[in-house]
Amino acid sequence: MNLNWLIKLTEEDTRVLIAIFIIVLLVFVIISYIGSLIRKIMKFQAKDLDTAMHDLVSTGVVDTPRYFRKIAIKKNNRLLFKHVRIPFLLLFVSITFMVIYLSWIENYDLSFLLDYQSKGITTLFFIFDWPNQPHALFFGLNLPSGWPPVLNTPHFEWEAWPSYVFAPLFSVGAVWFLVSIQAYCARTFRLWTMSKAVFQKNLEKVVPGSDFKRNEK
Amino acid sequence: MLEFLKRCGLGVLYLIAAPFAVVLLALFAVVGLIVFIFMLFKSLILFFSGRSVFDDLPEDIEAKRRLGTLVDTRAKKTETVDKTVSDETHEETHEIERAAPQEVPEDDSDDADSGDGSSADSGGEAK
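For the protein sequence lines, the chains are A and B, in the order given. Numbering of the first sequence is given in this note's numbering, commencing with residue 246 and proceeding in unit increments. Numbering of the second sequence is given in this note's numbering, commencing with residue 7 and proceeding in unit increments.
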């Protein structure tokens, strides 16, 4: 069935479709590289569990998958506690500080944190007016043709000091906490896979009776 | 080209899996927070009883003991091997010393007396 009569693409439509296709492909490639990077990081993070469990397995203290999981979960929890202490402290200090500050000013609205004119952490950043970015037609495509107008240039504001204290502490603590949780997740997967793999025997490589030949002599 | 297509396919897979991964991470964050609070209380209790939450588990102690005995037995084995090797070499050198005057009779240029003595000794031993 010929569908050409149904779909009539103009030259401009073809260009737009090709451009969109290339952009989508590039986005997929970038996502795949980001995903691969995260997987590599998680593999690296999971090695802590190998270090913790190696001697127990090699000496034969842990000799069943169930026992392996029991001990590995204990060690995993200990590692989590060790890694999360500092980010938890940062989060605790920042939240406590903000609660005290908000109760002091008697206003519990947190929207001032993003106020780039006087009170927010955003006073320290460039703020662009993205909706009013200039556009131009390029081979029939409406593309951005320049930087948007600058709404704010970095500057210090005395009124924004609570934001300057809270935002860095909270964001560092939160990211650190999430990285630690990612490591916890990676170690959990590792312990489940290794609890089966370590005690698995391979019949393909075994020579029948090979373990008793020495005794026969 | 194939590698590029594989990359694109991986990208699509990761894009589909991303929401599930985020949900999983959020679940682990909640579980992790609960575990952390539990461990925090446990560590406080252990701290006031003079212990630490990072102390070795009984299994760790057993593993260390086994590793220690393994190292000891290896050391003993190497010691015994060294001893037997040194004894054997010692005996061999003795045998060579005993046999030396008989094998090298022309060595009397410097120590003629000693050579005679040794030969007498060796003859005596031979008897």
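From the three backbone atoms N, C-alpha and C, an ideal C-beta is built for every residue, glycine too.
For my contact list, B/E65 and A/V269 are in at a C-beta cut-off of 8 angstroms; report their separation, rounded to the angstrom.
In fact, because the Cβ distance is near 52 angstroms, the residues do not count as touching under 8 angstroms.
Where does A/F383 sit, in a helix, a strand or coil, going by DSSP?
strand
Beta-carbon neighbours of A/L301, restricted to chain B and to distances below 9 angstroms
L63, E65, D66, E68 and A69
Among A/V420, A/A381, A/M343 and A/I275, which one has its Cα closest to the Cα of A/V329?
A/V420
Quick one: does A/L270 have its CB under 8 angstroms from some CB of chain B?
yes
Indicate the three-state DSSP secondary structure (helix, strand or coil) for B/P25 in the structure shown.
helix
Report the residue from A/Y409, A/F434, A/I265 and A/V274 whose alpha carbon sits nearest the alpha carbon of A/L359.
A/Y409
Starting from the Cα of A/L334, find the closest Cα among A/T433, A/V417, A/N447 and A/F434 and give me that residue.
A/V417
Identify every residue that forms a DSSP beta bridge with A/I372.
A/N397
Alpha carbon of B/P111 to alpha carbon of B/L73, nearest angstrom
Note that B/P111 has pLDDT 49, beneath the 50 cutoff, so the model's placement of it is unreliable and no number is given.
Any 3 or more C-beta pairs closer than 8 angstroms across the stretch 7-17 of chain B and the stretch 331-347 of chain A
no
Under the rule that 16 or more other beta-carbon atoms within 10 Å means buried, what is A/N322, buried or exposed?
buried
By the three-class DSSP mapping on this structure, what secondary structure does A/P413 have?
helix
Give the secondary structure of A/L388 by DSSP, where H, G and I count as helix, E and B as strand, and everything else as coil.
strand
I want to see whether chain B comes within less than 8 angstroms of A/G280, judged by CB atoms only; does it?
yes
Taking only beta-carbon atoms, is A/L336 less than 8 angstroms away from chain B?
no
Nearest residue (CA-CA) to A/L324, options A/Q427, A/P389, A/T438 and A/K450
A/Q427
Once the 5 residues before and after A/F422 are set aside, which same chain residues still bring their CB inside 8 angstroms of it?
V329, P332, F333 and L336
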